[in-house]
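Student: Residue numbers (my numbering), protein chains in the order written: chain G, 50 to 165; chain Y, 288 to 401.
Heads up, the beta-carbon is just placed ideally off N, CA and C, and yes, glycines get one too.
If you're wondering where the values come from, they're calculated on a predicted model, not measured in any experiment.
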Amino acid sequence: DGGITQSPKYLFRKEGQNVTLSCEQNLNHDAMYWYRQDPGQGLRLIYYSQIVNDFQKGDIAEGYSVSREKKESFPLTVTSAQKNPTAFYLCASSIDGTGISYNEQFFGPGTRLTVL
Amino acid sequence: AQTVTQSQPEMSVQEAETVTLSCTYDTSESDYYLFWYKQPPSRQMILVIRQEAYKQQNATENRFSVNFQKAAKSFSLKISDSQLGDAAMYFCALFLDAPDKLIFGTGTRLQVFP
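Have a look at this one:
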């Protein structure tokens, strides 16, 4: 079955530690995205990548970093510089992220990160 | 700046009845797409319905339909014959061609009572 997987489902980290969230897709999609969801708010874009080895900052990139070394993988690192990292993180992908026309974004099941 | 506003934090409906969720948006672009996403307790985001701004006809997907008023920048979702499985958070979202990103509203929590 094709889809997007995110692991782990729940993640705990101590304050001051970096942590990496995994996102893998086997849909052969070019574009991938990371969103953050907080209670009472919609999803906000952290980073996105339209093609391998390229990525752009979204609206709330501070304190986060990403890499896109492989088409199917787009890991997100939450660094110690992120002041309030406790949130639900969603990864998504779409066939083509060039914005020429809309391609549906498919979402993964998400990772709940809690900073202790 | 582009914004999406959902003014109803919570709504409730009786099973088999109809409910309408409101959404307004703001953009200076003429070409865009609008969406309603459903997020059940599993937190998986599911696309419910989409509307292209250039289309005057309102989109319909089975029990789900929209009322798209482009001049008023309004995009409401109507759920007919509500079912218990419709209980979820519903997010309205705006997509612009450039940059390639979705802009989400804050969501409406829908409760369905038997």
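Taking 9 angstroms as the threshold (beta carbon to beta carbon), is T347 of chain Y in contact with chain G?
Tutor: Output row for T347 of chain Y: interface = no.
Student: How about the stretch 369-376 of chain Y and the stretch 68-76 of chain G: do they share at least three Cβ pairs that are nearer than 8 angstroms?
Tutor: Flag = no, the stretch 369-376 of chain Y and the stretch 68-76 of chain G do not touch.
Student: Taking one C-beta from the stretch 334-347 of chain Y and one from the stretch 289-304 of chain Y each time, how about it: are there three or more such pairs within less than 8 angstroms?
Tutor: No contact exists between the stretch 334-347 of chain Y and the stretch 289-304 of chain Y.
Student: For the candidate residues G:L76, G:Y138, G:N152, G:T54, whose alpha-carbon lies nearest to that of D87 of chain G?
Tutor: Minimum Cα distance to D87 of chain G is reached at G:Y138.
Student: If contacts are defined as beta-carbon pairs under 8 angstroms, then P134 of chain G and L162 of chain G qualify, I think. What distance do you get, rounded to the angstrom?
Tutor: Contact flag correct, Cβ pair sits at about 6 angstroms.
Student: In the structure shown, what three-state DSSP assignment does D373 of chain Y receive?
Tutor: It is helical.
Student: Tell me where the beta strand (DSSP E) around F351 of chain Y begins and ends.
Tutor: Counting along the chain, the beta strand (DSSP E) containing F351 of chain Y begins and ends at 351-356.
Student: Between which two residues does the beta strand (DSSP E) harbouring E339 of chain Y extend?
Tutor: Element bounds for E339 of chain Y: 333-339.
Student: Give me the chain G residues within the contact set of G394 of chain Y, using Cβ-Cβ distance strictly less than 7 angstroms, ordered along the chain.
Tutor: By Cβ distance, chain G contributes G91.
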